[in-house]
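Asker:
Residue numbers (the numbering used here): 1 to 209.
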């Protein structure tokens with residue numbers, strides 16, 4: 001069964017539209033702040049650090065056949081000392097949020113970076129079960145349940161770090177952030193629930209029989 005179109009629209013298509021509007025200069029502050037909530041769910045974990053929730057940025061992963069092309073493009077961009085935000089948005093639109101996405105994006109997996117390495121990181125080393133809670137005012141909410149694999153030094157880890165530094169290019173321009181202590185999380189989606197007032201926690205993936 002495929003990931004529901006409503007969730008792809010929420011987390012990918014509307015996120016792409018946000019980047020496109022920013023590139024055109026049509027994005028106001030309210031749209032930016034509300035739209036950014038699509039990218040920053042709460043990661044809920046449980047383990048030695050206790051029951052914990054932490055806000056983290058997420059995005060879908062490229063499919064294996066497309067990943068190498070994306071990595072090459074992002075590497076080239078990051079190595080440029082003169083890069084700017086406009087160019088960063090163009091690169092993200094072309095490679096991270098391609099318009100023709102069906103054969104390029106794996107909608108069954110999400111990726112995130114662990115910048116803090118505290119409660120979430122401790123818990124996931126002992127218990128890899130996670131719930132991601134998305135909320136975009138006033139009434140959009142999704143609950144994603146899955147399992148997490150921690151990645152260091154591989155292509156998924158590199159991809160997550162490259163995307164992060166490309167998006168924040170103005171901050172990191174002229175210097176290289178130390179990636180050596182920044183793990184990546186790859187979340188395999190097992191279940192999705194629509195927690196909006198209209199659906200009230202109805203499971204939409206896989207569909208309830």
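Beta carbons are placed, not taken as given, at the ideal position from N, Cα and C, and that holds for glycine.
In chain order, which continuous runs of the alpha helix (DSSP H) of length 4 or greater are located wholly inside the stretch 16-63?
Answerer: 29-35
Asker: Based on Cα-Cα distance, which residue from 5, 77, 192 and 29 lies nearest to residue 205?
Answerer: For the purposes of this step, residue 205 is identified with residue 205 of the chain shown, where counting begins at 1. Here the closest residue by C-alpha is 192.
Asker: Going straight from the alpha carbon of residue 62 to that of residue 137, what length do you get?
Answerer: Counting from 1 along the chain shown, the entry for residue 62 is found at position 62. Counting from 1 along the chain shown, the entry for residue 137 is found at position 137. Between residue 62 and residue 137, the C-alpha separation is close to 28 Å.
Asker: Within this structure, are the beta carbons of residue 147 and residue 190 separated by less than 9 Å?
Answerer: Position 147 of the chain shown, counted from the start, is the residue given in the question as residue 147. Position 190 of the chain shown, counted from the start, is the residue given in the question as residue 190. Going by C-beta atoms, residue 147 is nearer than 9 Å to residue 190.
Asker: When we look at the beta-carbon of residue 164 and count the other beta-carbons within 10 Å, is it buried (16 or more) or exposed?
Answerer: Taking the first residue of the chain shown as 1, we reach residue 164 at position 164. Flag for residue 164 reads buried.
Asker: Buried or exposed for residue 288, going by 16 or more other Cβ atoms inside 10 Å?
Answerer: Any question about residue 288 goes unanswered here, given that the chain covers just 1 to 209.
Asker: What first and last residue would you give for the alpha helix (DSSP H) that runs through residue 86?
Answerer: As a first step, residue 86 is located in the chain shown; it is residue number 86 there, counting from the start. Note, residue 86: alpha helix (DSSP H), 85-91.
Asker: Which one or two residues does DSSP pair with residue 189 in a beta bridge?
Answerer: On the chain shown, position 189 is the one that residue 189 refers to. In the DSSP output, where bridge partners are listed per residue, residue 189 has 146.
Asker: Can you pull the DSSP bridge partners for residue 134?
Answerer: What you label residue 134 is simply residue 134 of the chain shown in a count that begins at 1. In the DSSP output, where bridge partners are listed per residue, residue 134 has 142.
Asker: Between which residues of its own chain and residue 97 is the CB-CB distance below 8 Å, once the five residues before and five after are set aside?
Answerer: Your numbering for residue 97 matches position 97 in the chain shown. Counting only Cβ-Cβ distances below 8 Å, and skipping sequence neighbours, we find 12, 15, 16 and 19.
Asker: What three-state label does DSSP hand residue 10 in the structure shown?
Answerer: Along the chain shown, read from residue 1 onward, the residue named residue 10 stands at position 10. In this structure, residue 10 counts as helix in the three-state DSSP scheme.
Asker: Taking the alpha helix (DSSP H) that residue 163 falls in, what are its first and last residues?
Answerer: As a working note, residue 163 is residue 163 in the chain shown. Where residue 163 is concerned, the enclosing alpha helix (DSSP H) stretches over 155-167.
Asker: May I ask you to verify whether the stretch 107-123 touches the stretch 20-35, counting CB pairs closer than 8 Å and requiring at least 3?
Answerer: no
Asker: With distances taken Cα to Cα, identify the nearest neighbour of residue 74 among 64, 87 and 65.
Answerer: What you label residue 74 is simply residue 74 of the chain shown in a count that begins at 1. Ranking the options by Cα distance to residue 74, first place goes to 87.
Asker: Is the stretch 148-160 touching the stretch 117-136 in the sense that three or more CB pairs, one from each, lie closer than 8 Å?
Answerer: yes
Asker: With the cut-off set at 9 Å, would you say residue 92 and residue 159 are in Cβ contact?
Answerer: Numbered from its first residue, the chain shown carries residue 92 at position 92. Numbered from its first residue, the chain shown carries residue 159 at position 159. No, the Cβ-Cβ distance between residue 92 and residue 159 is not below 9 Å.
Asker: Less than 9 Å between the C-beta atoms of residue 134 and residue 2, yes or no?
Answerer: The sequence position of residue 134 within the chain shown is 134, counting from 1. The sequence position of residue 2 within the chain shown is 2, counting from 1. Not a contact, by the Cβ cut-off of 9 Å.
Asker: If I follow the unbroken beta strand (DSSP E) through residue 113, where does it start and stop?
Answerer: Reading the chain shown from its first residue, position 113 is the one you call residue 113. Where residue 113 is concerned, the enclosing beta strand (DSSP E) stretches over 105-113.
Asker: Please classify residue 124 as buried or exposed, where buried requires at least 16 neighbouring CB atoms within 10 angstroms.
Answerer: The count along the chain shown starts at 1 and reaches residue 124 at position 124. Classification of residue 124: buried, given that the 10 Å Cβ count is 16 or more.
Asker: Under the rule that 16 or more other beta-carbon atoms within 10 Å means buried, what is residue 5, buried or exposed?
Answerer: As a first step, residue 5 is located in the chain shown; it is residue number 5 there, counting from the start. So residue 5 ends up on the exposed side.
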